[in-house]
Amino acid sequence: MRAKVLSFVQMKGGAGKTTLCANIASTLSESGRVLMVDTDVPQCSLKTWFDIRNERYVIENFDVCVAKNVAHLQKLVRDNVSNYDYILIDGHPRITNLSRAVVLLSDMAIIPMAPSKVEVWSTKHLSDIVKEAKQINKNLEARICWNRYRVRTNSAEEVVSNAKKELELDDFSTKLGNRVAYLDSFADGLTVAEWHDPAAKMEIWALTSQIERLLTKQPVSRLKTEAQVEKFVKGK
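See the structure below:
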């Protein structure tokens, strides 16, 4: 069986996609082999996090590589899809040919967002790309992951309700709180599972469980051909 391809995509920086990718990758690696692909060049924060982790700790069951362009990304996915259980792609924070390819090649696109109207506005273009991709990748699952969420606030609940309608996207029921543990652990090459914040650890565990359940129900799709990807990234 081929690897499931998950992408973490958002068209604005600071949304938490890289931190989320690292935490989900580490959790999934407890039950399978994981390859992370960093497409956020030249920053490569995910690759830097992995290198820090690799210097200080023993890493098992997951690896990282960098994709600099569409052709390179396709080759990495194609060459590794039989060697791993999961391939997690950290997307580029702008609309580029590479970011469009990331969405199309995914089995699941995870879109981290804070509950603010500004983030909803900035995600509209991405939601349109998801709709385009679904015309080709019929089984593509795309969901909002609410990040930096403040519970029991009317404004957050209102934004969540309106965003799902405006963007025509479902969301995960698990919401990630506004916790310093995510940033502090990442800076040390760790995840919240290895940090002193039980609530953050539980959030990631619950979110990963939801992701796994959705992927289990998902039909197996064929990888998109080079011609399909080339046509899609050019918007044809």
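In the working numbering, the protein residues as written are 27 to 262.
We put the CB at the ideal spot given by N, CA and C, even for glycine.
Here the structure is a predicted model, which is why all the values come from computation and not from measurement.
By the neighbour-count definition (other C-beta atoms within 10 Å, threshold 16), P224 is an exposed residue.
In the DSSP assignment, A93 forms no beta bridge with any residue. DSSP, reduced to helix, strand and coil, places C171 within a strand of the structure shown. Counting C-beta pairs closer than 8 Å gives fewer than three between the region 44–52 and the region 144–164, which falls short of the contact rule.
If you draw a 10 Å sphere on the C-beta of Y110, you find 16 or more other C-beta atoms in it, and that means buried. Under the DSSP definition of a beta bridge, K30 partners with Y112.
The beta carbon of G40 is closer than 7 Å to none in its chain, skipping five residues each way along the sequence.
By the Cβ-count criterion, A213 is exposed, with fewer than 16 other Cβ atoms from all chains shown falling within 10 Å of its own Cβ. Counting of Cβ neighbours within 10 angstroms places K101 among the exposed residues, the total staying below 16. Per DSSP, the unbroken beta strand (DSSP E) holding P138 starts and ends at M134 to M139. Within its own chain, the residues whose Cβ lies closer than 6 Å to the Cβ of R174, once the five positions on either side in sequence are excluded, are A140 and N204, listed in chain order.
Taking C-beta atoms as the reference points, I113 and K30 count as a pair closer than 9 Å.
M228 carries a helical assignment under DSSP once its states are collapsed to helix, strand and coil.
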